[in-house]
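*Asks:* Take this structure first; my questions come after.
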Amino acid sequence: MLPALTAQTHTLTGIASKAGDPVRTQLLLLASRYAEFAGWMAQEGGDDVSAMKWTDEAASLASSGGDHDLTHYAVLRRALVTMYAGDADGTITLARAAQDKNTSYRIRGLAAVQEAQGHALAGQEVLCRRALDRSRDLLDRATKGDAAPVLGTSHVSDPTAMAEGWCLYDLGRPAEAAARLGRELNRLPADAMRARARYGMRQALAHATAGDIDEACAVADSLLRSVDVVSSATIRTDLYRLNSELNRFRTHSVVRELSPRMAASLRPAV
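Position one of the sequence shown corresponds to residue 424 (this note's numbering), numbered consecutively onward.
Here's what the structure looks like:
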């Protein structure tokens, strides 16, 4: 899909360069959406360098087209790539930059979620809680007042609550993280395969870190087929971490039974 997105983005920008307004603006904004999606696909494919390149391109195109929301959403996407790379300070800096007062409540709320996750990575619980509170308020306002198109996840009904579970894990409270993630996973639509795999794998990791090995294995076992289908590098990051955590308990029968399947899911698709 990435080659097709690349070709479509270049075609749109080429046509836009020869068009007058308002067609030029519309083409630039459409191209920015393609570029943002290309960045996401590159990240899911494990190519962070290309992900950053496409995300920067999306921000530039959106800015040229006058869409401040999409410009700041591209910055938010960059913060997400940075978070998965384990860069807490970079995540916080980018997430704060995306919380411009002139952008929509939703973008600011999602950026506050990302900031909270950066603070959690850094072990800064007070600042993490403040960012979560801010995100909750902003996203609540977004449901009441924003007329802008929805950007970001559409399957997670409460991004703040889901992120809180993620943050609790990074703050060293895995049992609480597993419980919180479990509640939010129950609210996901049945067909939200990627979201279930992403947050479910984080829940399995939280269970394992908390010492609940049987539950960790049960959750992981239920997700491995989805992990294989969506083929996401970011989800596999947590699968690698789960595999490492469970290796400490390899004498357990449930771990021995699950290990071959996990190893198969960790192998890159050919």
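Ideal Cβ positions, reconstructed from N, Cα and C, are used throughout, including at glycine. The structure displayed is predicted, hence computed values, not measured ones.
(1) Can you tell me where the alpha helix (DSSP H) with residue 673 in it begins and where it stops?
(2) Output yes or no for whether 8 Å exceeds the beta carbon distance between residue 502 and residue 522.
(3) When the distance is taken between beta carbons, is residue 583 closer than 8 Å to residue 559?
(4) Determine, using beta-carbon pairs with one atom in the region 634–643 and one in the region 610–620, whether at least three such pairs fall under 8 Å.
(5) Between residue 478 and residue 497, how many whole angstroms is the CB-CB distance? I'm expecting something under 8 Å.
(6) Leaving out five residues on either side along the sequence, give the residues of the same chain with a beta carbon under 7 Å from the beta carbon of residue 464.
(7) With residue 438 and residue 450 assumed to form a contact (beta carbons below 8 Å), what rounded beta-carbon distance in angstroms separates them?
(8) I'd like to know whether the C-beta atoms of residue 514 and residue 544 end up nearer to each other than 8 Å.
(9) According to DSSP, is residue 611 part of a helix, a strand, or is it coil?
(10) Can you give the Cα-Cα distance for residue 686 and residue 468, rounded to whole angstroms?
(11) In whole angstroms, what is the alpha-carbon distance linking residue 436 and residue 531?
(12) Just tell me which of 533, 667, 511, 646 has its CA closest to the CA of residue 593.
(13) Going by alpha carbons, who is nearest to residue 494 out of 472, 471, 518?
(14) Tell me which residues share the same chain as residue 538 and place their Cβ nearer than 7 Å to its Cβ, disregarding the 5 neighbours each side in the sequence.
(15) Between the region 455–462 and the region 478–492, do three or more beta carbon pairs fall short of 8 Å?
(16) Within 10 Å of its beta-carbon, does residue 657 have 16 or more other beta-carbons around it, so buried, or fewer, so exposed?
(17) Kindly list the residues whose CB is nearer than 7 Å to the CB of residue 442, restricted to its own chain and excluding five residues on each side of it in sequence; keep chain order.
(18) Is it the case that the Cβ atoms of residue 646 and residue 663 are separated by a distance below 8 Å?
*Replies:* Let me spell this out:
(1) According to the DSSP assignment, residue 673 belongs to no alpha helix (DSSP H), since it is labelled neither H nor E.
(2) Cβ atoms of residue 502 and residue 522: not closer than 8 Å.
(3) By the CB criterion at 8 Å, residue 559 and residue 583 fall inside the cutoff.
(4) Not touching, per the Cβ criterion.
(5) About 5 Å; that satisfies the 8 Å criterion.
(6) If the five residues before and after residue 464 are omitted, its C-beta is found closer than 7 Å to the C-beta atoms of 424, 425, 428, all from its own chain and listed in chain order.
(7) With 8 Å as the limit, residue 438 and residue 450 qualify as a contact, their Cβ atoms being about 6 Å apart.
(8) Going by C-beta atoms, residue 514 is nearer than 8 Å to residue 544.
(9) Assignment of residue 611 by DSSP, reduced to helix, strand and coil, places it in the coil class.
(10) The straight-line gap from Cα to Cα measures roughly 18 Å.
(11) About 28 Å.
(12) For the set 533, 667, 511, 646, the Cα lying nearest the Cα of residue 593 is the one of 511.
(13) Cα-wise, what sits closest to residue 494 is 518.
(14) Only residues of its own chain outside the window of five on either side were considered, and among them 515, 518, 519, 554 have a CB closer than 7 Å to the CB of residue 538, listed in chain order.
(15) Judged by Cβ distances under 8 Å, the region 455–462 makes contact with the region 478–492, as three or more pairs qualify.
(16) Burial of residue 657 is indicated by the presence of at least 16 other C-beta atoms within 10 angstroms of its C-beta.
(17) Within the same chain, residue 442 has close Cβ partners 450.
(18) Not a contact, by the Cβ cut-off of 8 Å.
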